[in-house]
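As structure tokens, the structure follows; a few thoughts come after it.
Residue numbers (the working numbering), protein chains in the order written: chain A, 397 to 511; chain B, 7 to 119.
Here it is as structure tokens:
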């Protein structure tokens, strides 16, 4: 069965609005979750590492004030795209891992379309 | 940082034949190499992974080989079936998989009936 649940699966909104995406670990408590972005027909790019109870670690070039990450519990991380613009339209996918020497399992992603 | 190259970008094989996808990585500190299968509109699904202390791993029709010296690893799918058609991604990371993954650009595998 699914290890990771992501919601919503698809969202369309107007330019300038903020959008929140949820990532839930269903099978285990995850102190670390990862957020990736995938543009059409391209690869996945790591955006940030979400750490429960502390600040997220962002990859170079990813604006932390633009992509707000909250990992308030051991089973839930949220990604908020603030003041979204058309260039933020993408497929956002989270993953979870039980820890060292354990594989990462991905959610089914959220397709974000900004008009 | 890590850089992962993946080839070919598209691979078309006859049903029943074998398919091989190759990846190279740049960071000698990477020690975990998973392969994912992604179908249209879905998230990647882990199909097999290998760690740096192992040279080969097999799971039914799927196998992965790792050459640490040359910094390359390959996915082998035997007896291909139509349901194997998808995009396949290789990835690499340090920390035994506890770190974020660096992905290759993907291979679109097409199984011709």
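Backbone N, C-alpha and C define an ideal beta-carbon position, used for all residues, glycine too. Nothing here was measured: the structure is a model prediction, and the numbers come from that model.
#1: Report the option in B:118, B:92 and B:111 whose CA atom is closest to the CA atom of residue 48 of chain B.
#2: Starting from residue 33 of chain B, trace the beta strand (DSSP E) both ways and give me its first and last residue.
#3: Among residues of its own chain, excluding the 5 on either side of residue 13 of chain B, which ones have a beta-carbon nearer than 6 Å to its beta-carbon?
#4: For residue 495 of chain A versus residue 104 of chain B, is the C-beta distance shorter than 8 Å?
#5: Determine the extent of the beta strand (DSSP E) in which residue 487 of chain A is found, giving its start and end residues.
#6: Is residue 76 of chain B buried or exposed, if buried means 16 or more other CB atoms sit within 10 Å of its CB?
#7: Three-state secondary structure (DSSP) at residue 45 of chain B?
#8: Roughly how many angstroms separate the alpha carbons of residue 466 of chain A and residue 83 of chain B, rounded to a whole number?
#9: By the DSSP assignment, the beta strand (DSSP E) with residue 37 of chain B in it spans what residues?
#10: Taking just the CA atoms, how far does residue 444 of chain A sit from residue 417 of chain A?
#11: Mapping the DSSP letters down to three states, classify residue 461 of chain A as helix, strand or coil.
#12: Flag this pair as touching only if the segment 67–81 of chain B and the segment 30–39 of chain B have three or more C-beta atom pairs under 8 Å; answer yes or no.
#13: What does residue 111 of chain B touch in chain A if you count any residue whose Cβ is under 9 Å from its own?
#14: Taking the C-alpha atoms as reference points, what is the distance between residue 108 of chain B and residue 8 of chain B?
#15: Under 8 Å Cβ-Cβ, which residues of chain B neighbour residue 501 of chain A?
#16: Could you tell me the boundaries of the beta strand (DSSP E) in which residue 80 of chain B lies?
#17: Which of helix, strand or coil does DSSP assign to residue 158 of chain B?
#18: What does the Cβ neighbour count give for residue 43 of chain B, buried or exposed, with the cut at 16 atoms within 10 Å?
#19: Thinking C-beta only, is residue 491 of chain A closer than 8 Å to residue 429 of chain A?
#20: Is any beta-carbon of chain B found at less than 8 Å from that of residue 489 of chain A?
#21: State the Cα-Cα distance for the pair residue 63 of chain B and residue 118 of chain B, rounded to the nearest angstrom.
#22: Going by beta carbon distance, what residues of the same chain come within less than 6 Å of residue 56 of chain B, once the five residues before and after it are set aside?
#23: By the 10 Å Cβ neighbour count, where 16 or more other Cβ atoms means buried, how is residue 434 of chain A classified, buried or exposed?
In brief:
#1: B:92
#2: In the DSSP annotation of this structure, residue 33 of chain B is not part of any beta strand (DSSP E), being labelled neither H nor E.
#3: 28
#4: Against a cut-off of 8 Å, the Cβ pair of residue 104 of chain B and residue 495 of chain A comes out as a contact.
#5: 486–493
#6: Under this definition residue 76 of chain B is an exposed residue.
#7: coil
#8: If I take the Cα positions, the gap works out to 39 Å.
#9: Looking at the DSSP string, residue 37 of chain B is not in any beta strand (DSSP E), and its letter there is neither H nor E.
#10: 14 Å
#11: coil
#12: yes
#13: 438 and 439
#14: 7 Å
#15: 52
#16: First-last of the beta strand (DSSP E) with residue 80 of chain B: 78–83.
#17: Since the first residue of chain B shown is 7 and the last is 119, residue 158 of chain B is not available in this structure.
#18: buried
#19: Yes, these two residues count as a Cβ contact at 8 Å.
#20: yes
#21: Cα to Cα, the separation comes out at about 27 Å.
#22: Hits under 6 Å: 39, 63, 70 and 72.
#23: Residue 434 of chain A should be labelled buried.
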